[in-house]
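Undergrad: Let me begin by handing over the structure; questions about it come next.
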Amino acid sequence: MNKQQRRPWVVGVSGASGTPYAAAVLRGLLDAGESVDLVVSRASRLTLLDETGIAFRDAHWREDLATWLARGADGKPDTFAVDPEADVRYWAAGDLAAGPSSGSYPAKGMLIVPASTASVAGVALGLSKDLLQRVASVTLKERRPLIVAVRETPLNGQTLKHMVALDEAGAVVLPASPAFYAGATHIQDLVDFVAGRVLDAAGVPHELYRRWEGELGGAAAASRED
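Everything in the sequence shown is counted per our numbering, starting at 1 for the first residue and increasing by one.
This is the structure we're talking about:
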């Protein structure tokens, strides 16, 4: 009997501020038993270093990824347990011959978290200047789910046009906008809400936030319980 074919979600991390969003999405996918292919842009390495102090290195990516995923949104290390055997593959951003660069590569879809305005423009225009943009273009042409978690404010007219173009191409444009009806009491709750909405758009089950059930005052009650 042939071994079941691996079909990962490709997670692209661009240079926008918001690396805790990416970490929460990655943890959510792995907790759900999903396989992950990871693409970290060159610009995002600078953001990750600035926001967490973690240097993401090609030669030591698994070690650096484990340190990153274990860190809470408040910067505390070892907040989360990380499975060292998690099914993650890493592809360098400059490797345009990587597996996910081809439509024949069996991926479920792609999540860009966070998505900078530069990555939004590149994908909308079909530039494919690096692997992140190339995989996004492949995802669209293969009619696979593409979720773009835009992290920028305010938005100018050109970026808004690019977002409309992505929507028309079939992508889900999902601004990284935390909500407060889930009863957030910690910065991690706000991060997990956004990550949960990304996973919702991808159809991946999770328990990252309290869902709205039509009861007014639920957030305040949840905060008191915490």
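Ideal placement from N, C-alpha and C gives every residue a C-beta, glycine not left out. All values reported here derive from a predicted model rather than from experimental measurement.
1) Note down the Cα distance separating Gly94 from Arg62, rounded to an integer number of angstroms.
2) Would you give the residue range spanned by the beta strand (DSSP E) that Val88 belongs to?
3) Roughly how many angstroms lie between the CA atoms of Thr47 and Arg211, to the nearest whole one?
4) Residues in the same chain with beta-carbon distance under 8 angstroms from Leu208, minus the five sequence neighbours each way, listed in chain order, please.
5) Suppose you measure from the CA of Asp130 to the CA of Val173; what does that come to, to the nearest Å?
6) Mind listing, in chain order, the continuous beta strand (DSSP E) runs of no fewer than 3 residues lying wholly within the region 133-168?
7) For my contact list, Pro114 and Ala22 are in at a C-beta cut-off of 8 angstroms; report their separation, rounded to the angstrom.
8) With a cut-off of 8 angstroms, do at least 3 Cβ pairs link the region 165-180 to the region 38-54?
9) Please tell me whether Ala171 and Gly15 are closer than 9 angstroms, where the distance is taken between their beta carbons.
10) Do Val82 and Leu38 come within 9 angstroms of each other at the CB atom, strictly closer than that value?
TA: On the basis of the data shown:
1) 18 angstroms
2) 88-92
3) 31 angstroms
4) Ala24, Gly28, Asp192, Phe193, Ala195, Gly196, Leu199
5) 20 angstroms
6) 146-150
7) 6 angstroms
8) no
9) no
10) no
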